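At position 300 of the sequence shown the residue is numbered 300 (the working numbering), and the sequence of numbers has no breaks. Notes for the one structure printed next.
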Amino acid sequence: MSGDRGPPAPPEAASMELTERSCQLDLLERRLADLIATGGTPTGRTVTVLTGPVGSGKTALLQAFARRAGEAGARVLGASASRAERTVPLEVVRQLVRAASLDPDDRARVGRLLDAGSLAWADVDGADDEDTARSTAAIGGALLELTARGPLVVAVDDVHHADVASLRCLDYMARRIAGLPVLVLLTEAPRTRPWRPEVYAELLQPARLHRIRLPLLTVEGTFQVLAHRLDVPVARTIAEESHRISGGSPLLVHALADDQAAAPRSADHPVAGESFREAVLSCLYRCDHPVLEAARVLAVTGDSLHGNLVPQLVGARSRSALGAVDGSTSAGLVTEAGLRHPAVGQAVLDGMTAEERARLHLEAARLLHDEGAPQARIAPHLAKLDELTEPWMAHSLLDAGEQALVDGEVETALRYLRRANRNAVGDCLRARIRSALARAEWQLDPQAAVPHLIGVATAVRAGHLGSEQAAGPIQYLLWHGEVDKAVELVQHLNDRADSADPRSAAELLVTTGWMSTLYPGVTVDRPKPTTAARDPFTMAKVRRGLEGASLLSAALERGDATVVDDAERALSTSGLDDESSMWTSVCAIIAMIYADRLDLAGDWCDRLGRSPAARRHPSPSATLAVLRASVSGRLGDLPRAERLADEALGQLSPKGWGVAIGMPLAVRLRALTFMHELDAAAACLQVPVPPAMFKTPIGLHYLHARGTHALAAGSPEGALADFQLCGQLMSSWRLDHSGLVPWRTESARALLRMGRRQQAGKLVREELARLRPVQLRCRAAALRVLAAAEDGPDRITHLRSAARLLRQCGDRVELAHNLTDLGHAYQQAGDRREARAAARVARVLAEECGIPLLRASTATAGSGSAEGPAGTAVVVDGLNDAESQVATLAAQGHTNREIAEKLFLTVSAIEQRLTRIYRKLNVNSRNELAARLRLHRPGATPLHPPSPGQGEPGGRPPGPRFR
1 MSGDRGPPAP PEAASMELTE RSCQLDLLER RLADLIATGG TPTGRTVTVL
51 TGPVGSGKTA LLQAFARRAG EAGARVLGAS ASRAERTVPL EVVRQLVRAA
101 SLDPDDRARV GRLLDAGSLA WADVDGADDE DTARSTAAIG GALLELTARG
151 PLVVAVDDVH HADVASLRCL DYMARRIAGL PVLVLLTEAP RTRPWRPEVY
201 AELLQPARLH RIRLPLLTVE GTFQVLAHRL DVPVARTIAE ESHRISGGSP
251 LLVHALADDQ AAAPRSADHP VAGESFREAV LSCLYRCDHP VLEAARVLAV
301 TGDSLHGNLV PQLVGARSRS ALGAVDGSTS AGLVTEAGLR HPAVGQAVLD
351 GMTAEERARL HLEAARLLHD EGAPQARIAP HLAKLDELTE PWMAHSLLDA
401 GEQALVDGEV ETALRYLRRA NRNAVGDCLR ARIRSALARA EWQLDPQAAV
451 PHLIGVATAV RAGHLGSEQA AGPIQYLLWH GEVDKAVELV QHLNDRADSA
501 DPRSAAELLV TTGWMSTLYP GVTVDRPKPT TAARDPFTMA KVRRGLEGAS
551 LLSAALERGD ATVVDDAERA LSTSGLDDES SMWTSVCAII AMIYADRLDL
601 AGDWCDRLGR SPAARRHPSP SATLAVLRAS VSGRLGDLPR AERLADEALG
651 QLSPKGWGVA IGMPLAVRLR ALTFMHELDA AAACLQVPVP PAMFKTPIGL
701 HYLHARGTHA LAAGSPEGAL ADFQLCGQLM SSWRLDHSGL VPWRTESARA
751 LLRMGRRQQA GKLVREELAR LRPVQLRCRA AALRVLAAAE DGPDRITHLR
801 SAARLLRQCG DRVELAHNLT DLGHAYQQAG DRREARAAAR VARVLAEECG
851 IPLLRASTAT AGSGSAEGPA GTAVVVDGLN DAESQVATLA AQGHTNREIA
901 EKLFLTVSAI EQRLTRIYRK LNVNSRNELA ARLRLHRPGA TPLHPPSPGQ
951 GEPGGRPPGP RFR
């Protein structure tokens with residue numbers, strides 16, 4: 001027995017444990033036990049075959065059984081067949097003989113038989129004749145002589161690759177070992193087309209065959225393999241997906257385990273890396289050639305196995321065998337739907353040369369084009385080619401790119417359009433491609449669309465683009481502030497408009513309509529009235545295209561419930577997937593904001609934010625963030641408004657925002673101003689904005705926010721200039737609607753700060769006379785300013801009315817300041833109980849909104865206070881005036897809440913100031929603070945709080961006062 005050995009194990013077999021193979025191993029061991037016990041094969045089934053796909057563990061099972069057979073006292077002769085040695089006569093038999101324990105004379109004799117037999121088989125090229133028959137009998141007899149020495153196991157791995165001569169000898173032996181202590185054990189993988197099927201069939205005759213099938217692993221078996229190699233929790237997490245990827249092939253599961261173990265950090269999903277790629281390719285190379293060819297075609301085309309592409313793209317030799325390609329003949333890699341997993345497809349692609357991939361992509365594209373397939377099926381193949389050699393190819397890529405844009409697949413559209421742009425021939429085609437590229441680039445980064453706009457403008461002037469293709473790029477020119485260029489292009493299109501083309505007429509009408517909405521002061525000639533323009537379908541398309549602009553106008557002019565209903569209807573049929581729908585949706589939400597339906601506006605922002613386009617594309621996502629920020633700011637959630645506006649600014653570059661940058665800047669600037677973060681607010685004003693922004697309504701919101709900041713920073717003159725500029729622009733644009741910017745109320749507020757009460761009162765009364773009943777927010781703000789501009793008991797009436805309106809519209813920031821004014825008014829009227837109640841609610845609202853400082857409006861505080869000065873303060877080196885006031889009250893024994901009530905600050909603001917005071921003065925308690933702030937201390941100067949409306953000592957301007 002020494003020297004007898006089993007078949008050599010491939011590298012993967014040596015490390016592959018026998019998971020879910022115990023049943024098959026038990027069957028083999030029982031057959032061996034019967035063989036040894038009875039001295040022969042009692043059933044007459046002399047040949048046992050292990051059948052399973054490539055990589056299913058047949059070799060590992062064969063090796064394990066060979067070891068156990070040797071341990072049980074049987075001799076084992078092993079051999080392994082190979083596709084490369086199919087034409088080498090008697091190669092398998094030579095391996096068996098080399099494994100046998102023979103004395104030198106017997107080995108020499110058998111060697112001479114093998115040499116002679118090889119020559120005989122070589123002469124007839126695998127055919128049978130008398131010489132080969134005699135050789136087969138002689139060699140078969142020599143093999144039978146080995147059975148006389150005790151139990152024998154003849155094991156041949158991958159017998160489907162064995163040479164014809166060896167198959168004949170094994171068949172000769174199998175027909176004569178009935179009753180002898182011999183077990184012939186073979187392994188085979190299902191094939192698409194057997195090698196020499198007639199010879200192979202004679203060996204594996206059903207009457208003497210015992211077949212044992214090896215199924216692929218279950219999910220639990222996959223887990224067991226992984227758990228043997230990885231941590232159990234990791235194995236449990238990735239087992240199911242690993243089974244989907246591998247199909248249960250032990251070889252592939254082991255490869256996934258190798259890649260997972262080599263990954264730099266633990267992942268919650270399988271890692272298909274280099275080991276997996278090599279294992280997939282190893283399986284395919286060991287399968288028949290039709291399987292490999294089919295797998296390559298499937299990887300390139302993504303088609304199904306029985307689709308129309310695979311038969312036409314595989315070679316002629318493989319075409320007839322495609323029917324036999326399935327999971328069993330492909331190691332489980334190929335299914336009816338194609339390759340079983342994208343990771344398998346990527347491994348197959350990685351194993352192909354660039355030339356092989358390009359050839360298949362080109363052939364697939366031509367076949368699909370000839371069959372009239374949709375461009376979306378052709379374009380993926382054309383996009384992978386280095387050269388577009390035929391004219392139709394660029395057209396196909398353009399059509400597919402435009403369809404991808406309509407479907408919201410912007411990245412896909414860019415891939416097709418960029419590829420088409422490299423090889424496009426013809427000015428018209430290139431112009432159309434650049435127009436589509438501009439539309440696609442804009443959704444990801446508006447700044448990236450700018451280079452294409454120059455080419456589009458040139459194409460429009462040259463007559464290579466019509467209204468349909470130029471509409472988008474003209475809007476991008478407006479977005480980037482290139483108003484003159486946009487007007488020029490519209491004029492070109494208008495001059496040569498095709499009166500018989502309703503689509504072009506509709507696009508031109510929509511383009512000019514949006515231009516008038518975004519730049520109301522710009523004069524542009526309307527398209528000439530044509531038959532096409534009066535067509536009912538054309539007008540319906542125009543109304544649909546300008547639906548968003550119409551909603552904005554209606555919200556500013558009416559702002560009633562019907563506008564909100566119309567906006568909801570528009571939103572229910574629009575989205576963010578294409579530009580037209582996106583702008584309709586954005587305008588509908590802005591209309592809701594102008595109409596003070598902030599609850600609905602916020603809900604629709606959330607709904608649109610869950611759409612795929614909002615998650616994938618920066619431009620829609622940034623625009624939605626601005627709308628959310630605006631809603632939050634108007635509802636009084638200042639920290640959230642500031643955060644959302646900052647997020648929006650971060651999603652696009654300043655240049656990418658174009659003139660629309662005024663939207664996030666205005667929201668952030670106002671939020672920071674109201675939160676008294678004036679330095680951060682001032683930084684917003686350092687962000688460069690395009691001059692053209694001030695020709696748009698967006699510029700009005702920016703001027704409004706800048707004026708609010710100037711007023712808070714102590715510059716009422718600058719604030720008044722901004723507010724009055726808003727009024728001038730709105731009047732010249734015929735957009736003098738308070739819902740857009742209440743410039744009269746804001747100007748009156750600035751005039752009050754400048755001491756010009758009479759002018760302020762006149763202006764705010766004019767505002768109140770213009771307001772409609774539904775404009776609650778604007779009316780409340782105007783009433784508050786009117787209360788500050790007037791003397792007498794009407795102040796409380798105005799402020800109470802304003803508070804009621806502010807509660808209705810939900811403006812908590814304005815309500816907090818209004819209640820502060822109301823508290824002061826009650827104080828002046830001597831009603832301290834109502835004053836404290838109003839101040840208490842104001843402080844609660846301020847804390848909710850993130851407002852650290854509440855002060856009354858200049859005139860509302862009056863010249864006298866019911867309580868008189870808050871107390872004598874001390875100015876100490878190292879403390880500013882506000883800190884000195886807080887320090888004095890704390891040293892006198894007042895609690896934080898009492899100090900907050902006296903100074904109309906929030907409790908948290910007092911706590912923060914005391915922390916700074918303690919640190920600056922190096923004290924740890926109020927007693928130590930009192931000792932430091934004795935009024936008779938040298939260098940300490942008594943300081944009475946300035947009367948409301950007066951500047952602080954030293955000529956300093958009054959502190960920031962908020963609306």
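The beta-carbon is built from N, C-alpha and C at its ideal position, and this holds for glycine as well. Predicted, not measured: the structure shown is a model, and the values here were computed from it.
How about residue i and residue j: are their beta carbons less than 8 Å apart?
i: L453; j: Y476; result: yes
i: L146; j: S118; result: no
i: A965; j: A255; result: Missing from the structure shown is residue 965; the chain here goes from 1 to 963 and no further.
i: R211; j: T51; result: yes
i: A549; j: G602; result: no
i: R836; j: E901; result: yes
i: L786; j: V764; result: yes
i: S585; j: S572; result: no
i: P181; j: P151; result: yes
i: E766; j: S738; result: no
i: R897; j: V907; result: yes
I need the straight-line Cα distance from residue i to residue j, nearest angstrom please.
i: Q758; j: I796; result: 19 Å
i: E441; j: A614; result: 15 Å
i: V344; j: P473; result: 42 Å
i: T523; j: G699; result: 18 Å
i: R937; j: A931; result: Note on R937: pLDDT 40, under 50, position unreliable in the model; the coordinate value appears next. The straight-line gap from Cα to Cα measures roughly 9 Å.
i: D171; j: V164; result: 10 Å
i: P264; j: R607; result: 39 Å
i: D407; j: S318; result: 38 Å
i: C726; j: L854; result: 27 Å
i: D303; j: V310; result: 8 Å
i: A436; j: E402; result: 7 Å
i: T412; j: D821; result: 58 Å
i: A622; j: G823; result: 41 Å
i: L444; j: S504; result: 27 Å
i: T19; j: R422; result: 54 Å
i: D158; j: L62; result: 11 Å
i: M592; j: R496; result: 39 Å
i: A705; j: A648; result: 17 Å
i: P942; j: Q885; result: Any reading at P942 is ruled out, since the residue's pLDDT is 38, under 50, leaving its predicted position unreliable.
i: R668; j: L638; result: 9 Å
Taking the alpha carbon of residue i as the point to measure from, which residue in the options has its own alpha carbon closest?
i: K58; options: A116, L35, P151, E188; result: E188
i: S396; options: H369, P206, A263, F223; result: H369
i: N308; options: H289, S330, R366; result: R366
i: A816; options: A846, L672, A787; result: A846
i: P342; options: E220, R75, T301, P618; result: T301
i: A802; options: A781, N927, K762; result: A781
i: V225; options: D599, S246, A207; result: S246
i: G481; options: E468, A471, I590, Y519; result: Y519
i: L889; options: N927, N922, G878; result: N927
i: S653; options: T329, V49, L305, Q447; result: Q447
i: A138; options: V124, R744, L398, R112; result: R112
i: L711; options: R670, G39, H701, A394; result: R670
What distance in whole Å lies between the Cβ atoms of residue j and residue i, which are believed to be in contact at a cut-off of 8 Å?
i: A404; j: D386; result: That pair is no contact at about 22 Å.
i: A120; j: D131; result: 4 Å
i: V291; j: V334; result: 7 Å
Of all the CB atoms in chain D, is at least one closer than 8 Å to the CB of residue i?
i: H798; result: Among the chains of the structure shown, chain D does not appear; only one protein chain is present.
Open item on the list: Three Cβ pairs or more, each shorter than 8 Å: is that satisfied between the segment 237 to 246 and the segment 190 to 199?
Closed with: Contact fails: fewer than three Cβ-Cβ distances are below 8 Å.
- [ ] State whether the segment 418 to 432 contacts the segment 445 to 459, with contact taken as three or more CB pairs (one from each stretch) at a distance under 8 Å.
- [x] Segments in contact, yes.
- [ ] Determine, using beta-carbon pairs with one atom in the segment 73 to 81 and one in the segment 205 to 219, whether at least three such pairs fall under 8 Å.
- [x] The segment 73 to 81 vs the segment 205 to 219: no contact.
- [ ] Take every Cβ of the segment 713 to 720, pair it with every Cβ of the segment 743 to 758, and state whether three or more of those distances are shorter than 8 Å.
- [x] A contact exists between the segment 713 to 720 and the segment 743 to 758.
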